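Take a look at the structure set out below.
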Amino acid sequence: MAVQLLGLVVGLAAIHLTYLYYRRAQFTKRELVFWLILWLAFVFIALFPKSVSPVIGYLGLNRTMDLIMIVAFVILFGLTFHNYIINRQQQRKLERLIRDLALQQLDKK
Amino acid sequence: MNKTILVIPAYNEAERIATVISQALALVDQVIVIDDGSIDETFVKAQAAGALTLRHRINLGKGAALKTGCEAARRLGAEIIVTIDADGQHPPEFIPQVVEFLKNNNLDFVFTIRRGGDQMSLIRRLGRYVLNFQARKLFNLNLQDMWCGFRVFRMECLPKIDWNKSDYSGEIQMALKVGKNGLRYGEYVIPTIYNDNFKGVHILHGLKLLAQMFVWRIIL
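So the protein lines, in turn, are chains S and X. Under our numbering, the first residue of the first sequence carries the number 103, and numbering increases by one thereafter. Under our numbering, the first residue of the second sequence carries the number 140, and numbering increases by one thereafter.
As structure tokens, then:
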């Protein structure tokens with residue numbers, strides 16, 4: 103029960119922050135929908151752990167916590183990869199900008 | 140007479156850059172210095188010494204500085220590009236000889252081999268050996284000193300040796316593409332003075348590079 107309560111509090115706090123970021127125009131509508139679905143699913147599973155029993159049985163797992171851990175790892179790996187791609191893109195853009203600025207000096211000379 | 144432009148990537152080399160430029164000015168048609176975001180007076184000193192000096196506002200790395208320098212040389216109509224390090228370890232008086240070596244042997248690219256190995260630290264000598272061995276096995280590139288920054292090549296080779304790494308490994312990528320694309324290359328021995336054993340690449344760069352070379356074997 104305590105774990106369920108903790109899950110509910112964390113989930114609701116995350117939903118609040120998601121909405122706050124959207125209102126501050128830091129999230130687009132698409133990002134708002136994505137994160138709301140994710141956190142609502144988190145809250146739902148926290149309140150009704152038995153609801154995922156068919157999925158747990160299908161995957162050959164024993165506990166709801168196992169499923170949560172696996173899903174969390176998949177999400178973490180996905181986000182790490184996404185961050186890596188974004189980071190590389192930013193690096194390349196920055197490098198191109200700095201090099202273009204240097205070459206502009208050539209045109210002035 | 141081929142237009143020869145010298146490209147010098149420089150990072151915090153205020154102490155030696157002016158000497159290198161003054162020695163090289165009479166030997167090439169133009170000297171371009173890329174100040175790669177130095178925090179000392181490299182830019183001012185290079186400009187005062189008579190080089191065309193361009194500046195990266197932040198430090199990007201030697202590979203990026205070389206890329207900017209080569210692009211500038213291309214825009215200025217260079218037919219032959221020479222690259223040397225800014226720390227004075229490569230004697231500029233050898234530039235005409237290496238350029239002649241390129242022309243006389245109808246080569247696309249000339250690497251230089253640093254002599255004076257007794258001044259080079261043991262770990263660097265070992266790293267150089269391992270790197271050359273791997274390049275020979277993976278890229279059929281038979282070089283004795285792949286990491287030496289004193290190089291001479293024809294402008295028309297530039298698209299074939301284009302590199303995307305902005306750090307030291309950009310130079311290695313450039314060399315590996317020479318082997319991969321079957322360009323005609325040669326080697327020329329030069330004396331070397333090691334002014335600073337703490338600058339340049341260290342063992343982690345070398346290890347990372349060894350791993351990267353396997354990936355490049357597939358994607359380059």
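Note that the Cβ used here is the ideal one computed from N, Cα and C, for glycine as well. In this text, all values refer to a predicted model and were calculated from it rather than measured experimentally.
Check                                                                                                                              : Outcome
Contact set between the region 178-206 of chain S and chain X, restricted to residues whose Cβ is under 7 Å from the partner       : 197, 200, 201, 203, 204 and 205
Same chain, Cβ closer than 7 Å to residue 231 (chain X), neighbours up to 5 away in sequence not counted                           : 159, 162, 163, 166 and 223
Listed by chain order, chain X residues near residue 211 (chain S) by CB distance under 7 Å                                        : 191
Interface partners of residue 207 (chain X) on chain S, CB under 8 Å                                                               : 201, 204 and 205
Of the residues X:233, X:194, X:253 and X:246, the one placed nearest residue 332 (chain X), counting alpha carbons only           : X:253
C-alpha distance - residue 308 (chain X) paired with residue 302 (chain X), whole-angstrom precision                               : 9 Å
Residue 341 (chain X) classed as buried or exposed, judged by whether at least 16 other C-beta atoms fall within 10 angstroms      : exposed
Beta carbon proximity, residue 357 (chain X) to chain S, threshold 8 Å                                                             : no
Residue closest to residue 282 (chain X), alpha-carbon to alpha-carbon, out of X:264, X:173 and X:250                              : X:250
Nearest candidate by alpha-carbon position, reference residue 169 (chain X), set X:184, X:219 and X:149                            : X:219
The region 306-324 of chain X contacting the region 271-289 of chain X, beta-carbon criterion three pairs below 8 Å                : yes
Where residue 229 (chain X) falls: helix, strand or coil (DSSP)                                                                    : coil
Unbroken alpha helix (DSSP H) run spanning residue 341 (chain X), endpoints                                                        : Careful: residue 341 (chain X) lies outside any alpha helix (DSSP H) and carries neither H nor E.
Residue closest to residue 189 (chain X), alpha-carbon to alpha-carbon, out of X:213, X:156 and X:244                              : X:156
Where residue 254 (chain X) meets chain S, residues with beta-carbon distance less than 8 Å                                        : In chain order: nothing, as chain S lies at least about 34 Å away.
Cβ-Cβ distance between residue 269 (chain X) and residue 349 (chain X) below 8 Å                                                   : yes
Through-space distance from residue 287 (chain X) to residue 262 (chain X), alpha-carbon basis                                     : 16 Å
Alpha-carbon to alpha-carbon, residue 141 (chain X) and residue 240 (chain X)                                                      : 14 Å
contact_flag[the region 106-119 of chain S, the region 140-151 of chain S] where n(CB pairs < 8 Å) is 3 or more                    : yes
DSSP state of residue 194 (chain X) mapped onto helix, strand, coil                                                                : strand
Closest residue to residue 172 (chain X) among X:199, X:293, X:209 and X:265 (Cα-Cα distance)                                      : X:209
Residue 133 (chain S) in three-state terms, based on DSSP                                                                          : helix
Selected residue, minimal CA-CA separation from residue 105 (chain S), among S:124, S:134, S:145 and S:126                         : S:145
Nonlocal neighbours in the same chain, by C-beta distance under 6 Å from residue 201 (chain X), ignoring five residues either side : 148 and 307
Rounded separation between residue 138 (chain S) and residue 199 (chain S) - CA only                                               : 36 Å
Residue 207 (chain X): first and last residue of the uninterrupted alpha helix (DSSP H) it sits in                                 : 201-214
8 Å Cβ cutoff, residue 194 (chain X) in contact with chain S                                                                       : yes
Coarse secondary structure for residue 307 (chain X), derived from DSSP in three states                                            : coil
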